[in-house]
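For reference, the structure discussed in these notes is given below.
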């Protein structure tokens with residue numbers, strides 16, 4: 001092969017290589033940004049609990065809650081056998097009492113299956129009902145701390161989407177979408193996801 005032919009071949013190979021190469025974006029530090037593998041298992045290792053809550057609120061919480069929430073009858077049937085399990089529940093009832101005395105922990109009490117339910121409406125919501133009803137598992141996270149903090153992040157996210165509740169809601173019919181924990185036949189840590197006052 002002559003030098004001219006060798007050079008032509010080299011140019012052809014170089015052109016093919018450049019055509020096959022894909023330009024990779026660089027981050028602020030000049031390092032390549034590797035696109036995520038669409039087949040890889042979801043990982044939250046590099047996200048804060050607040051980021052996870054914000055990014056997954058619509059799909060992991062609200063969409064699941066609206067599509068798969070238990071009604072009052074199904075909740076009643078689950079109560080006897082559930083041992084610390086959390087569920088999404090949709091129910092209708094009448095607000096018996098609105099407790100606004102504690103500025104951090106406001107509670108709406110309504111009757112469900114002939115029992116009073118104390119529904120947390122914020123600004124502070126306690127418990128893990130939202131996180132656990134959404135199906136998150138400890139093994140999805142880097143450590144126990146991140147897993148625990150996700151509950152708090154979800155509880156704070158829930159409050160952002162709730163209407164302001166005051167004494168005028170008392171004795172009014174409502175539709176409630178909530179996350180609850182069932183333990184030993186009793187309902188606890190009920191956290192409001194959506195609360196709508198209906199026309200009497």
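In my numbering, the protein residues as written are 1 to 200. Glycine included, each C-beta is placed from N, C-alpha and C at the ideal position.
| request: Please say whether residue 109 and residue 97 have beta carbons closer to each other than 7 Å? | output: Start at 1 with the first residue of the chain shown, and residue 97 comes out as number 97. Start at 1 with the first residue of the chain shown, and residue 109 comes out as number 109. Contact: yes.
| query | Going by alpha carbons, who is nearest to residue 111 out of 47, 77, 72? | reply | On the chain shown, residue 111 is found 111 positions in, with the first residue counted as 1. Nearest option by C-alpha distance: 72.
| query | Could you give the distance in angstroms between the alpha-carbon of residue 75 and the alpha-carbon of residue 133? | reply | Residue mapping note: residue 75 aligns to position 75 of the chain shown, counting from 1. Residue mapping note: residue 133 aligns to position 133 of the chain shown, counting from 1. Approximately 13 Å, taken between the alpha carbons.
| request: Spell out the partners DSSP gives residue 194 in its beta bridges. | output: In the chain shown, residue 194 corresponds to position 194, counting from 1. BP columns for residue 194 point to 177.
| task | Just the C-alpha distance for residue 173 and residue 93, rounded to the nearest angstrom, thanks. | result | As a working mapping, residue 173 is identified with position 173 in the chain shown. As a working mapping, residue 93 is identified with position 93 in the chain shown. The alpha-carbon atoms of residue 173 and residue 93 are separated by roughly 6 Å.
| field | Contact under 7 Å by Cβ, residue 150 with residue 49 | value | Taking the chain shown and counting its residues from 1, one reaches residue 150 at position 150. Taking the chain shown and counting its residues from 1, one reaches residue 49 at position 49. Yes, these two residues count as a Cβ contact at 7 Å.
| query | In whole angstroms, what separates the C-alpha of residue 163 from that of residue 192? | reply | The residue you call residue 163 lines up with position 163 of the chain shown. The residue you call residue 192 lines up with position 192 of the chain shown. Looking at the two C-alpha atoms, the distance is approximately 10 Å.
| Could you give the distance in angstroms between the alpha-carbon of residue 169 and the alpha-carbon of residue 195? | The residue labelled residue 169 in the question sits at position 169 within the chain shown. The residue labelled residue 195 in the question sits at position 195 within the chain shown. Taking the straight line from one Cα to the other gives about 11 Å.
| Hey, out of 160, 131, 198, whose CA is closest to residue 238's CA? | The structure shown does not extend to residue 238, since the chain is modelled only from 1 to 200, so the question has no answer here.
| Thinking C-alpha only, which one of 58, 88, 153, 106 is nearest residue 68? | Stepping through the chain shown from its first residue, residue 68 is reached at position 68. Nearest option by C-alpha distance: 88.
| request: Give me the Cα-Cα distance between residue 99 and residue 122, rounded to the nearest whole angstrom. | output: Within the chain shown, residue 99 is the residue found at index 99, counting from 1. Within the chain shown, residue 122 is the residue found at index 122, counting from 1. Using only the alpha carbons, I get a separation of about 11 Å.
| said: For a quick check, are the C-beta atoms of residue 129 and residue 180 less than 7 Å apart? | reply: Mapped onto the chain shown, residue 129 falls at position 129. Mapped onto the chain shown, residue 180 falls at position 180. Against a cut-off of 7 Å, the Cβ pair of residue 180 and residue 129 comes out as a contact.
| query | In three-state terms, what does DSSP make of residue 47? | reply | Taking the first residue of the chain shown as 1, we reach residue 47 at position 47. Coil.
| said: Please state the DSSP three-state secondary structure of residue 165. | reply: Numbered from 1 along the chain shown, position 165 holds the residue referred to as residue 165. In this structure, residue 165 counts as coil in the three-state DSSP scheme.
| Between the C-alpha atoms of residue 137 and residue 113, what's the straight-line distance to the nearest angstrom? | On the chain shown, position 137 is the one that residue 137 refers to. On the chain shown, position 113 is the one that residue 113 refers to. Each residue's alpha carbon lies about 30 Å from the other.
| field | Residue interval of the beta strand (DSSP E) (run including residue 106) | value | By 1-based counting over the chain shown, the position of residue 106 is 106. From DSSP, the beta strand (DSSP E) with residue 106 extends over 105-112.
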